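A short write-up of the structure that comes next.
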Amino acid sequence: MAAATTVPVLGIIDQLPLLVVVVPMIAAPLCVLFGNRTIAWILTFAASLASLLFSLHLLLQVMDGDVVSYWLGGWGPKDGGIAKGIEYRIDAANAFVLVLISLISTIVLPYARRSIEFEITKVSHTLFYCCYLLCFTGLLGVVATGDAFNVFVFLEISSLSTYVLVAMGAERDKRALTAAYDYLILGTIGATFFVIGIGFLYSATGTLNMEELSVRLPELGTNRTVQVGFAFVVVGMGLKAAFYPLHLWLPGAYTFAPSVVTAFLAGTATKAAIYVLLRFLFTVFNPEMVFNTDALSYLLIPLAVLAMFAGSLIAVFQTELKRLLAYSSVAQVGYMALGIGFLSTTGVTATMVHLFNHGITKAALFLVVGAYVLRAGTSFTDRLAGLGRQMPWTSAAFVIGGLSLIGVPGTAGFISKWVLLQAALEKDWWWMGLLIVASSLLAVIYVWRIVEILYLQQPRAGKEIAEAPLSMLVPIWILAIACIWFGFATEMTIGASETAANSLIGGRS
Amino acid sequence: MRHHLILRVVVKLLVAPIALFALYVQFHGDYSPGGGFQAGVILAVAFILYGIVFGLAKVHQVFPPWLVQKMAALGVLLYAGTGVLSLLLGYTYLDYGAFTPGHPEHGQHWGILVVELGVGITVAAVMVAIYYAFAGRTPRINDEDW
Chain D
113 MAAATTVPVL
123 GIIDQLPLLV
133 VVVPMIAAPL
143 CVLFGNRTIA
153 WILTFAASLA
163 SLLFSLHLLL
173 QVMDGDVVSY
183 WLGGWGPKDG
193 GIAKGIEYRI
203 DAANAFVLVL
213 ISLISTIVLP
223 YARRSIEFEI
233 TKVSHTLFYC
243 CYLLCFTGLL
253 GVVATGDAFN
263 VFVFLEISSL
273 STYVLVAMGA
283 ERDKRALTAA
293 YDYLILGTIG
303 ATFFVIGIGF
313 LYSATGTLNM
323 EELSVRLPEL
333 GTNRTVQVGF
343 AFVVVGMGLK
353 AAFYPLHLWL
363 PGAYTFAPSV
373 VTAFLAGTAT
383 KAAIYVLLRF
393 LFTVFNPEMV
403 FNTDALSYLL
413 IPLAVLAMFA
423 GSLIAVFQTE
433 LKRLLAYSSV
443 AQVGYMALGI
453 GFLSTTGVTA
463 TMVHLFNHGI
473 TKAALFLVVG
483 AYVLRAGTSF
493 TDRLAGLGRQ
503 MPWTSAAFVI
513 GGLSLIGVPG
523 TAGFISKWVL
533 LQAALEKDWW
543 WMGLLIVASS
553 LLAVIYVWRI
563 VEILYLQQPR
573 AGKEIAEAPL
583 SMLVPIWILA
593 IACIWFGFAT
603 EMTIGASETA
613 ANSLIGGRS
Chain V
302 MRHHLILRVV
312 VKLLVAPIAL
322 FALYVQFHGD
332 YSPGGGFQAG
342 VILAVAFILY
352 GIVFGLAKVH
362 QVFPPWLVQK
372 MAALGVLLYA
382 GTGVLSLLLG
392 YTYLDYGAFT
402 PGHPEHGQHW
412 GILVVELGVG
422 ITVAAVMVAI
432 YYAFAGRTPR
442 INDEDW
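Residue numbers (the working numbering), protein chains in the order written: chain D, 113 to 621; chain V, 302 to 447.
Encoded structure:
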């Protein structure tokens, strides 16, 4: 480091981009050191809440298009030289995703206590919270960082802890182990591809900083090394985001993980990966690069449409509620991919809005499933018959979440599909609009199937099932109300998404 | 391994020097090849070797599994905590220059020493934990049945 210079003293506001990530990271080892379940939960919740407040503050800071930059360890570029260290770079796009991740985590955690008491042995509770925090840290880090290699590091932190979290479902069903192992293998392949891609980019440009990459890559034109790097990065991240042919890990992992974990992952993990993909496709690689445009329009759009239909179709025939919702997630990721494929600001806005709206919707639905697992002991659809009468509040929340999943007007899901339709019509692709509506009709089928089972079938005889406890109902209903709230109050989500889309591609297209 | 007299004696002789060498690698990491990771592995080897020859029960007495877990967490906390300390002093995260404001090189030196110690503790604990996890499984074939 350079000789002693006067370093400006930084206040807490300047440290926010880092604190978002570091607070949960510090809390994770503390959970293990204290080794007490209650303290671990309090620490986890406090860290999650702190991250939420920090990221909300950051979002307000960058809403008008500003960028907050933070160099770790004071290793920033000196005198216009190249970057030596790691930069955390917050703009509207990642602040928005940071808010989503920490929001879902903060809502899910009060629910977690009761749910994991039922699903995981008491001995492992502190370790559960530790892994949860590490996963949370990893996801936040992936989103906050502006350094391509750092993305990989945080990705591994979140993935490795996710494998453990999924495997913790083995208490109830041994198949969780194979699901976790599948995810481990596929996730590792994804991460390896991603880091190979980063390696190619580094060898071509000599930098890992995303901002510098975005300046240097266009200068290289159609360099073969850059193209190979691009391919590896997109496939690697596509695997993490569960883009259609690469989704195979997702149904197993979501089905057998403990309910809280599923709800948390469904709302956050694939979303973070999609954010990274957006960042690479639009910021690091320029959308005007020929291979980028080709990949998006000839590869991403057909696969996205395939995902929308295949995911929904498979979901229709599932007999297990978690698996059904998991396949529905595959379809919903298709909508997000479609928004990316449109290559327009409206398209990316649609992706960002759907990222948020689908995050809260799916988290709500999976939390409901967790409540069913607690009371009915299973999430197989035939065992849920008549639960609409026995657990009226929980089931009502499921209906609201289901409507939002379909995209009925007045729910959050409608808003994102509306923006997506606008993006399609903007391009005069009316047939794409029809496809979006048609695939939504498939969602009607699988949601109605469950609603019919819940409300129109007779409850199983001789089994008294009580309503879910309050500590679970409150988080479920916060998310259910959010599903409706964001169906009407669209300024926040669409406004933030537009700013995000603009900061991703606005300056270029 | 009651009947392997030579092994038992040699291991008894070796464990202490291995641990000592781990400390050497740990604290000379900034002058010579080495550092936290290598030192952690070497330290773990001392315990693992002891465990292999004298049995899991014996090594559990020396380094109980609950302590292994705490140590793994402690090392991470030490690393992250160093960063937080520099943050509290008004510098950016992990800017060790914060510790001796007049002379940042010394601060860097102190910072890296503490961070490497954290790495060493965690790596040693995790290596031992992995050994415990594998050795804790009951073997299909007994040692005497060979």
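Each residue gets a CB set at the ideal place from its N, CA and C atoms; glycine is no exception. Since we're looking at a predicted model, the values are computed, not measured.
Query: Return the chain-ordered list of same chain residues with a C-beta closer than 7 angstroms to the C-beta of residue 595 of chain D, the five sequence neighbours on each side being excluded.; Result: 472, 473, 476, 512, 513, 516, 523, 524
Query: How is residue 394 of chain V classed by DSSP in three states: helix, strand or coil?; Result: coil
Query: When you compare the CB positions of residue 445 of chain D and residue 407 of chain D, do they come within less than 8 angstroms of one another, or not?; Result: no
Query: In the region 172-195 of chain D, which residues sit with their C-beta less than 9 angstroms from some C-beta in chain V, listed in chain order?; Result: 182, 183, 184, 185, 186, 187, 188
Query: Residue range of the alpha helix (DSSP H) that residue 199 of chain D falls in?; Result: Per DSSP, residue 199 of chain D belongs to no alpha helix (DSSP H); it is in the beta strand (DSSP E), 199-202.
Query: Can you check DSSP and say which residues form a bridge with residue 182 of chain D?; Result: D/200
Query: Can you list, in chain order, the stretches of the alpha helix (DSSP H) that have 4 or more residues and sit fully within the region 285-330 of chain D?; Result: 287-317
Query: State the Cα-Cα distance for the pair residue 506 of chain D and residue 482 of chain D, rounded to the nearest angstrom.; Result: 10 angstroms
Query: Starting from residue 470 of chain D and walking both ways along the alpha helix (DSSP H), at which residues does that stretch end?; Result: 457-488
Query: Select from the region 417-448 of chain D all residues with a C-beta closer than 7 angstroms to any C-beta belonging to chain V, and list them in chain order.; Result: none
Query: Spell out a yes or no on whether the region 370-387 of chain V and the region 346-355 of chain V are touching, meaning 3 or more CB-CB pairs, one atom from each, closer than 8 angstroms.; Result: no
Query: So, residue 354 of chain V versus residue 308 of chain V, is the Cβ gap smaller than 8 angstroms?; Result: yes
Query: Excluding the 5 residues preceding and the 5 following residue 501 of chain D in the sequence, name in chain order all residues of the same chain whose CB lies nearer than 6 angstroms to its CB.; Result: none
Query: Mind the definition here: the region 240-247 of chain D touches the region 603-617 of chain D only if three or more C-beta pairs lie below 8 angstroms; say whether that holds.; Result: no
Query: Reducing DSSP to helix, strand and coil, say where residue 259 of chain D ends up.; Result: strand
Query: My output table needs one value for residue 579 of chain D: the three-state DSSP class, helix, strand or coil.; Result: coil
Query: Contact criterion: CB-CB distance below 8 angstroms. Does residue 374 of chain V meet it with respect to chain D?; Result: yes
Query: Of all Cβ atoms in chain V, is any one closer than 8 angstroms to the Cβ of residue 141 of chain D?; Result: yes
Query: Are the CB atoms of residue 271 of chain D and residue 299 of chain D within a distance shorter than 8 angstroms?; Result: yes
Query: Determine the contact status of residue 205 of chain D and residue 455 of chain D, defining contact as a CB-CB distance below 8 angstroms.; Result: no
Query: To the nearest angstrom, report how far apart residue 447 of chain D and residue 184 of chain D are at their CA atoms.; Result: 36 angstroms
Query: May I ask you to report which of helix, strand or coil DSSP gives residue 492 of chain D?; Result: strand
Query: Hey, quick one: how far does the alpha helix (DSSP H) through residue 572 of chain D stretch, first residue to last?; Result: Here residue 572 of chain D belongs to no alpha helix (DSSP H), and DSSP marks it neither H nor E.
Query: List the DSSP bridge partners of residue 432 of chain D.; Result: D/492
Query: By the DSSP assignment, the alpha helix (DSSP H) with residue 501 of chain D in it spans what residues?; Result: 499-502
Query: Taking the Cβ atom as the reference point for each residue, do residue 438 of chain D and residue 368 of chain D lie within a distance shorter than 8 angstroms?; Result: no
Query: Once you ignore the five residues that flank residue 227 of chain D on each side, which residues in its own chain have a CB closer than 6 angstroms to its CB?; Result: 371, 372, 482
Query: Out of D/196, D/128, D/539, D/381, which one is the CA nearest neighbour of residue 172 of chain D?; Result: D/128
Query: Go through its chain and collect everything with a Cβ distance to residue 389 of chain D's Cβ below 8 angstroms, but skip five positions before and after it.; Result: 346, 349, 350, 353, 452
Query: Check each candidate in D/170, D/236, D/570, D/404 and name the one with the smallest Cα separation from residue 210 of chain D.; Result: D/170
Query: Would you say residue 342 of chain V reaches chain D, if we count a Cβ-Cβ gap shorter than 8 angstroms as a contact?; Result: no
Query: Using beta carbons (cut-off 8 angstroms, strictly below), is residue 138 of chain D in contact with chain A?; Result: The structure shown has no chain A; the protein chains it does contain are D and V.
Query: Compare the C-beta of residue 209 of chain D with all C-beta atoms of chain V and state if any pair is closer than 8 angstroms.; Result: no
Query: Check the Cβ-Cβ distances between residue 320 of chain D and every residue of chain V, and say whether any is below 8 angstroms.; Result: no
Query: Which residues in chain D have a C-beta closer than 7 angstroms to the C-beta of residue 396 of chain V? List them in chain order.; Result: 185, 186
Query: Using a Cβ-Cβ cut-off of less than 7 angstroms, give me the residues of the region 237-266 of chain D that come near chain V, in sequence order.; Result: none
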